[in-house]
Amino acid sequence: MIETLTSLDEQILLFFNGNHTPFMDEAMALITGKWIWIPFYLLLIDLLFKKLGPKYAALTLVAVVLAIVMTDQICASVIRPYIGRLRPCNPENPIFGAITLVNGIQPGGYSWPSCHAANTFALATLLSCVMRSRKFTTMIFIWAIVVSISRLYCGVHYPTDILCGAAFGSVFGYLALVIVSRTYTALPRMYMAIRKPDVL
Numbered sequence: 146m147i148e149t150l151t152s153l154d155e156q157i158l159l160f161f162n163g164n165h166t167p168f169m170d171e172a173m174a175l176i177t178g179k180w181i182w183i184p185f186y187l188l189l190i191d192l193l194f195k196k197l198g199p200k201y202a203a204l205t206l207v208a209v210v211l212a213i214v215m216t217d218q219i220c221a222s223v224i225r226p227y228i229g230r231l232r233p234c235n236p237e238n239p240i241f242g243a244i245t246l247v248n249g250i251q252p253g254g255y256s257w258p259s260c261h262a263a264n265t266f267a268l269a270t271l272l273s274c275v276m277r278s279r280k281f282t283t284m285i286f287i288w289a290i291v292v293s294i295s296r297l298y299c300g301v302h303y304p305t306d307i308l309c310g311a312a313f314g315s316v317f318g319y320l321a322l323v324i325v326s327r328t329y330t331a332l333p334r335m336y337m338a339i340r341k342p343d344v345l
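All the letters of the sequence shown, read from the start, carry residue numbers 146 to 345 under our numbering.
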């Protein structure tokens with residue numbers, strides 16, 4: 146069973162990684178990068194402030210930061226070293242010879258789960274819960290899926306890395322929203338409980 150799943154994992158990876166064109170190489174290298182998305186993030190922040198107002202937009206951004214910190218720390222610093230799965234493009238991985246590298250991308254380290262997938266799906270899940278718009282939800286999840294597919298195209302992750310990263314990210318995104326919202330609503334009660342009575 147495990148061998149069958151591993152074989153399927155590799156076949157799907159090689160399907161996405163094995164169909165290269167110069168245009169797609171450039172496009173996927175940009176999509177999988179970080180800096181290219183800064184205008185997109187700024188647009189999301191502007192949309193949050195217009196839709197929710199300053200107070201709730203700021204709380205949402207706090208939840209976003211918490212979600213990203215959780216995904217990065219738990220996925221990259223705890224799960225990856227424990228599982229120890231090599232990236233497909235790692236020269237020590239037996240599948241390395243079949244992988245096509247894009248623009249010299251050859252990261253080392255471990256593969257499972259994908260932090261790109263975890264982070265993007267954390268953001269998509271959290272914001273979709275806040276915005277409550279079908280069009281926005283469709284757009285943000287398409288973005289998360291495209292970024293995740295770029296990791297397969299570039300040969301730096303297996304499909305199961307992406308799927309598990311997306312699952313972790315969705316959970317952390319929702320959890321961060323719950324933590325921040327419950328903390329915010331508890332703060333006034335906590336303040337009233339510890340505040341000293343006014344001196345007349």
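The beta carbon of each residue, even a glycine, is placed where N, CA and C say it ideally should be.
Using DSSP with H/G/I as helix, E/B as strand and the rest coil, what is Leu246?
-> Sequence index remark: in the sequence shown, residue 246 carries index 101 (1-based). It is coil, neither helix nor strand.
Closest by C-alpha distance to Pro236, when choosing among Leu246, Thr177, Lys195 | Locating residue 236 in the sequence shown gives position 91, where the first residue counts as 1. For the options Leu246, Thr177, Lys195, the alpha carbon positioned closest to that of Pro236 is the one of Leu246.
Taking buried to mean at least 16 other C-beta atoms within 10 Å of its own C-beta, is Leu188 buried or exposed?
-> Position 43 of the sequence shown, counting from 1, holds the residue named residue 188. Exposure of Leu188 is indicated by the presence of fewer than 16 other C-beta atoms within 10 angstroms of its C-beta.
DSSP state of Tyr319, grouped into three classes?
-> Position 174 of the sequence shown holds residue 319. Tyr319 falls in the helix class under three-state DSSP.
Does DSSP put Tyr255 in a helix, in a strand, or in coil?
-> Working through the sequence shown from its first residue, we reach residue 255 at position 110. Reduced to three states, the DSSP call for Tyr255 is strand.
Meets three-Cβ-pair contact criterion under 8 Å: the region 215–228 and the region 249–259 = A contact exists between the region 215–228 and the region 249–259.
If you draw a straight line from the alpha carbon of Leu159 to that of Ile183, how long is it in whole angstroms?
-> Along the sequence shown, read from residue 1 onward, the residue named residue 159 stands at position 14. Along the sequence shown, read from residue 1 onward, the residue named residue 183 stands at position 38. The straight-line gap from Cα to Cα measures roughly 30 Å.
Which residues in the same chain as Ser315 place their Cβ atom closer than 6 Å to its Cβ, once the five residues preceding and following it in sequence are excluded?
-> Working through the sequence shown from its first residue, we reach residue 315 at position 170. Phe266, Thr270, listed in sequence order.
Local Cβ density within 10 Å of Pro342, reported as buried at 16 or more and exposed below that = As a working note, residue 342 is residue 197 in the sequence shown. Low confidence applies to Pro342: its pLDDT is 45, below 50, so where it sits in the model is not reliable, and the reading given next is rough at best. With fewer than 16 other Cβ atoms within 10 Å, it is exposed.
By Cβ distance below 8 Å, which residues in the same chain neighbour Leu150 in space, the five residues on each side in sequence not counted?
-> Position 5 of the sequence shown, counted from the first residue, corresponds to residue 150. Here the set comprises Thr305.
I think Arg254 touches Arg232, with their Cβ atoms under 8 Å apart; what is that distance to the nearest whole Å?
-> For the purposes of this step, residue 254 is taken as residue 109 along the sequence shown, with counting starting at 1. For the purposes of this step, residue 232 is taken as residue 87 along the sequence shown, with counting starting at 1. Checking the sequence shown, residue 254 turns out to be Gly, not Arg. Between Arg232 and Gly254 the Cβ distance is about 7 Å, and since that is below 8 Å, they are a contact.
What's the gap between the Cα of Gly163 and the Cα of Ala203?
-> Mapped onto the sequence shown, residue 163 falls at position 18. Mapped onto the sequence shown, residue 203 falls at position 58. Distance between the alpha carbons of Gly163 and Ala203 is about 43 Å.
Ordered along the chain, which non-local residues of its own chain (more than five positions away) have a Cβ less than 7 Å from that of Pro226?
-> Within the sequence shown, numbered from 1, the residue matching residue 226 stands at position 81. Hits under 7 Å: Tyr255.
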